[in-house]
Amino acid sequence: MRFLIFLLITYFLSLTTSFALGQAGLDLPALGAGVGARPLGMGGAFSAIADNADAPFYGPAGLGFNTRQSITTMQTRLSTDADHYYLSYIVPAFGGTVGLSWVQIGISDIAQTSNEVDVHNEVQNISLFSYYSSAYLLAYGRKFNDHISFGLTAKYLTSDMFGLAGGQAWGYSLTPNILFRVGDLAARHLSVGFKVDELVNYQKWGTETIEQVPAKARLGLALYQVPMISGTAAIDISQMVKSGYSPEVATGYEWSERGLSFRAGYNAGGLTTGVGFRVGHASVDYSCVLQRELSRNNVHRVSLTGTW
Numbered sequence: 003m004r005f006l007i008f009l010l011i012t013y014f015l016s017l018t019t020s021f022a023l024g025q026a027g028l029d030l031p032a033l034g035a036g037v038g039a040r041p042l043g044m045g046g047a048f049s050a051i052a053d054n055a056d057a058p059f060y061g062p063a064g065l066g067f068n069t070r071q072s073i074t075t076m077q078t079r080l081s082t083d084a085d086h087y088y089l090s091y092i093v094p095a096f097g098g099t100v101g102l103s104w105v106q107i108g109i110s111d112i113a114q115t116s117n118e119v120d121v122h123n124e125v126q127n128i129s130l131f132s133y134y135s136s137a138y139l140l141a142y143g144r145k146f147n148d149h150i151s152f153g154l155t156a157k158y159l160t161s162d163m164f165g166l167a168g169g170q171a172w173g174y175s176l177t178p179n180i181l182f183r184v185g186d187l188a189a190r191h192l193s194v195g196f197k198v199d200e201l202v203n204y205q206k207w208g209t210e211t212i213e214q215v216p217a218k219a220r221l222g223l224a225l226y227q228v229p230m231i232s233g234t235a236a237i238d239i240s241q242m243v244k245s246g247y248s249p250e251v252a253t254g255y256e257w258s259e260r261g262l263s264f265r266a267g268y269n270a271g272g273l274t275t276g277v278g279f280r281v282g283h284a285s286v287d288y289s290c291v292l293q294r295e296l297s298r299n300n301v302h303r304v305s306l307t308g309t310w
C-alpha cells in the first residue's frame with residue numbers, strides 16, 4: 003500500500019511540474035461554488051476526508067468507509083444576488099454506499115439591455131431573463147479492504163437561460179476516485195485521496211455549441227491527531243490536465259471535541275473559517291467563505307445535517 007501511495011504522489015507531482023503557469027477554472031457555476039459548510043470552512047481541503055454526506059461532491063471513495071445514512075442541506079444568497087441550493091443524501095446499499103446530491107445556482111430578473119443608448123444617454127431594457135445552473139450527482143463508493151476504497155460520481159448538468167433562444171444546455175461528467183487510509187477507523191493517522199474531476203465531460207447548448215473542459219487531477223492528504231495541536235489537518239493540490247494551467251492549493255484544519263468543532267482554511271479565494279455543533283443525530287455547521295468568482299464579499303454558509 004505504501005508503494006501505491008508513493009506512485010500516486012510521484013505521478014501527481016510529475017503533472018504539476020510539467021505544465022506552464024496560468025490560472026483558470028471550470029465554467030460550471032453549480033460545481034464551482036462549493037458545497038457543505040464543514041468542508042468550505044476548511045478551505046475545501048476535504049477530498050482525503052470525505053466522511054459525511056458531502057462525499058459525492060468532494061470524494062466518492064469516502065462513501066466506501068461509511069456505514070450510516072445521512073442527509074445534509076444548505077441554502078445561501080450570494081452577494082451577486084444569486085441563490086445557491088444544495089441537498090445531499092447517502093445510504094449504504096449494493097455492498098457499498100450510494101449518494102444522491104443536487105446543487106443549483108440561480109438568478110432571476112436579469113435585464114437584457116440594448117447595444118445603443120437613447121436620447122438621454124441611457125441603455126434600454128429589452129427583456130428580462132433568468133439563469134439556472136444545476137448539477138445532479140449520483141455517487142457510489144465501495145471499500146476494497148479496511149484501507150482502500152474506490153468511488154465514482156456521475157453528474158448530469160443543466161444550464162437554462164429562460165427567455166433567451168438557444169440558452170439551454172445539458173451535459174454530463176464522470177469523476178473517479180481512490181482513497182487510502184492508514185490505521186483503523188477509530189485511530190487512523192493518515193488518509194490519501196486521488197481523483198480526477200470531469201475526467202469525461204460533455205455539454206451541448208441549444209445553439210448546437212458543444213463545450214468540454216479539461217479534466218482536473220486532485221491529490222488530497224489528511225493527517226489525524228496532529229501532534230501538539232490535536233485535530234485534523236488537510237491539504238488538497240489540484241492541477242488541470244492540460245498545459246497552460248498552474249496548480250491550486252487548498253489547506254484546512256479542524257478541531258473537534260464533545261460535539262463542538264472549530265475550523266480554518268485557505269484556498270485561492272482567501273481565508274475561510276467555520277464552527278460546528280453536534281447534538282445526538284443532528285448537527286449545524288457554519289462557515290465564512292470568500293469566493294471572488296461568485297461574490298465580492300464574504301459569504302456565510304450554514305448546513306443542517308442529520309445522521310443515523
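Count along the sequence shown starting at 1, add 2, and that's the number in the numbering used here.
All C-beta atoms in this analysis are idealised placements derived from N, C-alpha and C, irrespective of residue type, glycine included.
Which residue comes first and which comes last in the beta strand (DSSP E) that contains L192? 192-199
Residues bridged to A137 [DSSP beta-bridge criterion]: DSSP, once it has assigned bridges, lists V105, L159 as partnering A137.
Residues bridged to R79 [DSSP beta-bridge criterion]: D85
Closest by C-alpha distance to P62, when choosing among S285, Y142, T253, I212: Y142
Closest to Y255 by C-alpha separation, out of F96, V277, F67, S305, would be which residue? V277
Would you identify the three-state DSSP class for R40, choosing helix, strand or coil? R40 sits in a helix when the DSSP states are folded into three classes.
What's the call for P94, buried or exposed, on a 16-neighbour Cβ count within 10 Å? exposed
Assign F182 to one of three DSSP states: helix, strand, or coil. strand
Taking F2 as part of the alpha helix (DSSP H), name the residues at either end of that continuous run. Lying before the first or after the last residue shown, residue 2 is absent from the chain, which here runs from 3 to 310.
With three or more C-beta pairs closer than 8 Å as the rule, is the region 84-91 touching the region 39-52? no
Could you tell me the boundaries of the beta strand (DSSP E) in which A284 lies? 284-292
The ligand NAD and D148: does the residue's C-beta get closer than 6 Å to at least one heavy atom of that ligand? Looking at this structure, you won't find the ligand NAD or any other ligand, since it has none at all.
Could you check whether T99 and S136 sit closer than 7 Å to each other, using their CB atoms as the reference points? no
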